[in-house]
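Okay, structure first, notes after.
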Amino acid sequence: MTRRAAIVGGNRTPFVRAGHRYAQVSAQDLLVAALDGLVARYGLAGERLGEVVAGAVLKHSRDLNLTREAVLSTALDPATPAYDVQQACATGLETAVLVANKIALGQVEAGIAGGTDSASDAPVAVDDGLRRVLLELSRAKTPRARLAALAKLRPGQLRPAPPRNAEARTGLSMGEHAARTALEFSLTRQAQDELALASHRNLAAAYDRGFFDDLLTPYLGVRRDDLLRPDTTLDKLAALDPVFGRDLPGEATMTAGNSTPLTDGAAVVLLASDEWAAARRLPVLAHLVDAETAAVDHVHGEGLLTAPVVAAPRLLQRTGLTLADFDLVEVHEAFASTVLATLAAWERDGLGTVARDRLNVTGSSLATGHPFAATGARLLATTAKLLHERGGGRALISVCAAGGQGIVAVVEA
Amino acid sequence: MGLSEDPYGAFVRTAPGKLLASRAGLPRPPRLRRFVPDEEWAVDPALVVGLSGAARVDEVTQWLRDSGIAVGRGDGPLSALVVDASGLRTVAELDELLTLAPRFRRTRGRVLVLSAVPADVEDPEGRAVQRGLEGFVRSLAKEARGGTTVNLLRVADGASTALRSAVEFFCSARSAFVDGQPLVVGEGTPAPARERRVAVVTGAAQGIGAATAQVLARSGHHVVCADVAAAGEQLAAVANRVKGSTLHLDVTAPTAPQRLAEHLADRFDGADVVVHNAGITRDRSFVNLDEDAWRSVLAVNLLAPVRLTEELLRHPGALAPGARFVCLSSINGLAGAKGQTNYATSKAGLVGLVEALAAPLAARGFAVNAVAPGFIETPMTAAMPPVPRELGRRTSSLQQGGLPVDVAEAVGWLAQPDAAGVDGQVLRVCGQNLLGA
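Chains U and S, in that order, are what the protein sequence lines are.
Numbering follows the UniProt record's numbering, in which position 300 of the first sequence is assigned residue number 300; successive positions increment by one, without gaps.
Numbering follows the UniProt record's numbering, in which position 153 of the second sequence is assigned residue number 153; successive positions increment by one, without gaps.
Here it is as structure tokens:
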């Protein structure tokens, strides 16, 4: 990279279990809230930024210009351009890479990256037959033509087709895919529950010391992630019934406690050139150094969420780093088993081990929740602040994504 | 905020309400005019009157003209009546006040009396005369009608720039809810000009804090809007509206002074204005007051301003040259209020803080003052029981509650670079409320 993009800071809404406090708001509302909080924190009201890039995984047909529409609802100068990106759960980090690359090339001086998702306000498709009738009805010019169109309606067509949390090509949910990977790596229930427990404890401790005071802005009266269970224990986690992999040969180890539930929320991160930040006397928490995206063939048996296993060696080779060179490692906790499988695979492939005291030190998705597209921006801002707090260092971020994809990034302070 | 928060006040301004109120002898609160940028406030000319020994007539006349107010001598209605009574030294000369009666009758707006600082007058009769002006002003304020206010400026020797800004403030719509108040104006060096002045307002998410942010932004400040993280959503809205920025800060946190000082030094080259506005109430009669209700009120309202100010004064670069502090006290702190022993202790304590800091801060080119709001229409007063709330509104000379913007305007004036000669004072913004007056 010609110049490294600075991570100035981030902002997110508290993350909330789907169907709860954010049930009545859209992904766009959440993105606006996250953006306005960021704009306020860095005094950007009325400013024109180079660009805002964000996206959502669960996207309505009306959201074709989601990010641009959100920008128009914020205090930013409406002359700020925006576009949407969609790469499943990698969205929030991929957008940051895109903005950072433009900064690196000198095409923009500052931009915002992020993501938003509302599992509560998920798009519901209608039966294809009904859709054709409705389209024909809208084209009909005369009452007779409208009647003719309506006459084609059949009761069976009135069933909505709700979104499925399943891979298009395998028909398996992410959890079922992850359960297969867990079996492959012989991951124990206890190891997964311990990781989940650590996530809750670390997140609760971070809240208690005010770590999120400048990373989060309350929304609709919600001040903290509502999935956080500060008082959970191994016993409580062990009492939960498995939910994934129950029909597989072998012990089913994945429960609601060591898997992330559907979540609503949005997160954004402010990236800029060092010069732009300095001119505004804004802090630089860290720099986004490099990133690598990879994909695996999950259709023919590779683990759906294991693309970071492929991406990390490529990135490390390019940057000349080893796992030992990282002070912090953030691995998105789509499932506890994903994190454990990723670490095991890195070790198997000779990348080295990740000490637990460097892993997800302020908790991650298991305790925070996982509004798909928002997760990457949350991880990036959190990691940058952690490095800044330490007075410097290097971190690796790893995010798996549906569709057999994944992204890893190096952050330095 | 609209006047609809005072349903009675709105009702008596309707035709049937007016009739009913005048028949029944009920209070008829006037509609107060607030400052609106680019709107001419003083439609009628002002009149400047010099009594015996007056020395300021010419300059005051010039100042008013410079600020766009016509100064006349005719018999028509007056928007402001400024009286220089600072030269009166004998009881006989006090008779000259009688000549003001016909002019007072014609004034719909502001009456401002200039006096000497009584303590500076050695002659007993002279000092008595000057002190007597306070009683005159306070009583005249109670007789004034139609939203007219009457205030007293005690002018110290050498006061010039500060006096000018005081005259402008007290003769403008910005002082709509300041009534019957004496204030000392001294000499002071105006703060040096800066490209972008920076103000920090604690408790900026709502009420008086939010209004203060707005007024300070109007006068060109970048406002750092500080409040607890829990109020972050409203805080962001306020900051974005005034094109300022947010700082999630719990003023009672042990790290708060350091964080604020570093934030101001690192990001802004120091603050020009610090408004200690964050405050809470935990009302309960003294005998029922638990430790938490006592301590939390004192921690937020009194200890936090003490600690934050200490650190800002100590931390290099946290304050810009000529910086101003404004503490939000309360008339309940001055007068006491049932069920508010904790609150009143904290708010009276702030007056002590201001008094103690005034001289040492002046030596460094800074200034510190307190503003003591009376009954102001805020979420806090909206939560009061109806009867005390209605009493709070009607017991002022203006027969209504003030708005957050009224307090904000006073803070905004004290924050002005040329208000430098006002130091260690408590300015009540209470519509001359009976409490503690």
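Positions of the beta carbon are idealized from the N, C-alpha and C atoms, including for glycine.
Using a beta-carbon distance below 8 Å, is S:E311 in contact with chain U? Looking up residue 311 of chain S in the second sequence gives position 311. For S:E311, the answer is no, since every Cβ of chain U falls outside 8 Å of its Cβ.
According to the Cβ coordinates, are U:T375 and U:V411 closer than 8 Å? What you label residue 375 of chain U is simply residue 375 of the first sequence in a count that begins at 1. What you label residue 411 of chain U is simply residue 411 of the first sequence in a count that begins at 1. Cβ atoms of U:T375 and U:V411: not closer than 8 Å.
Mind listing which residues of the region 23 to 52 of chain U have their C-beta closer than 7 Å to chain S's C-betas, in chain order? D36, G37, V39, A40, R41, Y42, G43, A45 and G46
Check the DSSP bridge columns for S:F375 and list the partner residues they point to. Here residue 375 of chain S corresponds to residue number 375 of the second sequence, with the count starting at 1. DSSP output for S:F375 lists no bridge partner at all.
Neighbour list for U:R201 in chain S, Cβ cutoff strictly below 9 Å: For the purposes of this step, residue 201 of chain U is taken as the residue at position 201 of the first sequence. At a beta-carbon threshold of 9 Å, none of the residues of chain S lie near U:R201; the nearest stands roughly 21 Å away.
If you scan the UniProt domain "Thiolase C-terminal" (283 to 412) of chain U from start to end, which runs of the alpha helix (DSSP H) of 4 or more residues do you find wholly inside it? 307 to 319, 336 to 348, 365 to 368 and 375 to 390
Spatially closest choice to U:K59 from U:D241, U:L396 and U:D264, by CA coordinates: To locate residue 59 of chain U, count along the first sequence from 1; it is residue 59. Out of U:D241, U:L396 and U:D264, U:D264 has the C-alpha closest to the C-alpha of U:K59.
Could you tell me the boundaries of the alpha helix (DSSP H) in which S:D406 lies? On the second sequence, position 406 is the one that residue 406 of chain S refers to. Note, S:D406: alpha helix (DSSP H), P404 to A415.
Between U:A75 and chain S, is the shortest Cβ-Cβ distance under 8 Å, so that the two count as touching? As a working note, residue 75 of chain U is residue 75 in the first sequence. Chain S, which has a Cβ nearer than 8 Å to the Cβ of U:A75, makes this yes.
Pick out whichever of S:V429, S:Q432 and S:P404 has its Cα sitting closest to the Cα of S:A205. Within the second sequence, residue 205 of chain S is the residue found at index 205, counting from 1. Measuring from the Cα of S:A205, the nearest candidate turns out to be S:P404.
For S:G50 and S:V43, believed in contact at Cβ under 8 Å, the rounded distance: Position 43 of the second sequence, counted from the first residue, corresponds to residue 43 of chain S. Position 50 of the second sequence, counted from the first residue, corresponds to residue 50 of chain S. About 24 Å separates the two Cβ atoms, so there is no contact after all.
Bridge-paired residues (DSSP) for U:S118: Here the question's residue 118 of chain U lines up with position 118 in the first sequence. Answer is U:D264.
Coarse secondary structure for U:Q87, derived from DSSP in three states: Position 87 of the first sequence holds residue 87 of chain U. Strand at U:Q87.
Short of 7 Å in beta carbon distance, which residues of its chain neighbour U:R196, apart from the five on each side in sequence? Order them along the chain. For this step, residue 196 of chain U is matched to residue 196 along the first sequence. It should be pointed out that residue 196 of chain U corresponds to Ala in this sequence rather than to Arg. Sequence-distant Cβ neighbours of U:A196 in its own chain, meaning closer than 7 Å and more than five residues away, are L237, G257, N258, A336 and L366.
Pair within 8 Å by beta-carbon distance, S:R284 and S:A176: Residue 284 of chain S sits at position 284 when you count from the first residue of the second sequence. Residue 176 of chain S sits at position 176 when you count from the first residue of the second sequence. Taking 8 Å as the Cβ cut-off, S:R284 and S:A176 do not qualify as a contacting pair.
From the DSSP output, read off the bridge partner residues of U:A11. For the purposes of this step, residue 11 of chain U is taken as residue 11 along the first sequence, with counting starting at 1. Before going further, note that residue 11 of chain U is Asn rather than Ala in the sequence given. DSSP lists U:V268 as partners of U:N11.
If we define contact as Cβ-Cβ less than 8 Å, is U:V16 a contact residue for chain S? Here residue 16 of chain U is taken as the residue at index 16 of the first sequence, counted from 1. U:V16 does not count as touching chain S.
CB contact flag (U:A96, U:V269, <8 Å): As a first step, residue 96 of chain U must be located in the first sequence, where it is residue number 96. As a first step, residue 269 of chain U must be located in the first sequence, where it is residue number 269. Yes; because the gap between Cβ atoms is below 8 Å, this pair is in contact.
With DSSP collapsed to three states, give me the class of S:A21. For the purposes of this step, residue 21 of chain S is taken as the residue at position 21 of the second sequence. The answer is helix: DSSP assigns S:A21 an H, G or I state.
Does DSSP classify S:M380 as helix, strand or coil? For the purposes of this step, residue 380 of chain S is taken as the residue at position 380 of the second sequence. If DSSP states are grouped into helix, strand and coil, S:M380 belongs with the helices.
Please compile the residues from chain U whose C-beta is within a distance smaller than 7 Å of the C-beta of S:N240. As a first step, residue 240 of chain S is located in the second sequence; it is residue number 240 there, counting from the start. Within 7 Å Cβ-Cβ: D36, V39, A40, A45 and A75.
Which two residues bound the contiguous alpha helix (DSSP H) that contains S:T212? Against the second sequence, residue 212 of chain S aligns to sequence position 212. From DSSP, the alpha helix (DSSP H) with S:T212 extends over G207 to R218.
Please state whether the Cβ-Cβ distance between U:Y219 and U:T13 is less than 8 Å. Taking the first residue of the first sequence as 1, we reach residue 219 of chain U at position 219. Taking the first residue of the first sequence as 1, we reach residue 13 of chain U at position 13. Yes, they are a contact pair.
State buried or exposed for U:D84, treating a residue as buried only when at least 16 other CB atoms are found within 10 Å of its CB. Looking up residue 84 of chain U in the first sequence gives position 84. Its Cβ being crowded by 16 or more others within 10 Å, U:D84 is buried.
Is it buried or exposed for S:F11, if we count other Cβ within 10 angstroms and need 16 for buried? Locating residue 11 of chain S in the second sequence gives position 11, where the first residue counts as 1. S:F11 counts as exposed, since fewer than 16 other beta carbons sit within 10 angstroms of its beta carbon.
Assign U:G111 to buried or exposed, taking buried as 16 or more other Cβ atoms, counted over all protein chains shown, within 10 Å of its Cβ. Locating residue 111 of chain U in the first sequence gives position 111, where the first residue counts as 1. Buried, by the Cβ-count rule.
For U:D214, return the contacting residues in chain S, with the cut-off set at a CB-CB distance below 7 Å. Start at 1 with the first residue of the first sequence, and residue 214 of chain U comes out as number 214. Result: H248.
Chain U contacts made by the region 213 to 224 of chain S, where a contact means CB separation under 9 Å: H222 and V224
Is U:R223 close to chain S? Criterion is C-beta to C-beta, closer than 8 Å. Residue mapping note: residue 223 of chain U aligns to position 223 of the first sequence, counting from 1. Answer yes: the Cβ-Cβ gap between U:R223 and chain S drops below 8 Å somewhere.
Where S:N301 falls, given that 16 or more other Cβ within 10 Å makes a residue buried: On the second sequence, residue 301 of chain S is found 301 positions in, with the first residue counted as 1. Classification of S:N301: buried, given that the 10 Å Cβ count is 16 or more.
Counting only Cβ-Cβ distances shorter than 8 Å, please list the residues of the region 125 to 152 of chain U near chain S, keeping chain order. none
Measure the beta-carbon distance from U:A291 to U:V284 and round it to whole angstroms, keeping in mind my assumption that it falls under 8 Å. For this step, residue 291 of chain U is matched to residue 291 along the first sequence. For this step, residue 284 of chain U is matched to residue 284 along the first sequence. No, U:A291 and U:V284 are not in contact; Cβ-Cβ is about 18 Å, not under 8 Å.
Integer Cβ distance of U:G48 from U:A79, believed to fall under 8 Å: As a first step, residue 48 of chain U is located in the first sequence; it is residue number 48 there, counting from the start. As a first step, residue 79 of chain U is located in the first sequence; it is residue number 79 there, counting from the start. Before going further, note that residue 48 of chain U is Arg rather than Gly in the sequence given. Indeed they touch by this definition, with Cβ atoms about 5 Å apart.
What do you get for S:P305, buried or exposed, if any count of 16 or more other CB atoms within 10 angstroms of its CB means buried? The count along the second sequence starts at 1 and reaches residue 305 of chain S at position 305. Buried: at least 16 other Cβ atoms inside 10 Å.
Determine the extent of the alpha helix (DSSP H) in which residue 445 of chain S is found, giving its start and end residues. As displayed, chain S neither begins before 1 nor continues past 437, which places residue 445 of chain S out of reach and without an answer.
Within 8 Å of any Cβ in chain S, is that where the Cβ of U:R12 sits? In the first sequence, residue 12 of chain U corresponds to position 12, counting from 1. False, the Cβ-Cβ gap to chain S never drops below 8 Å.
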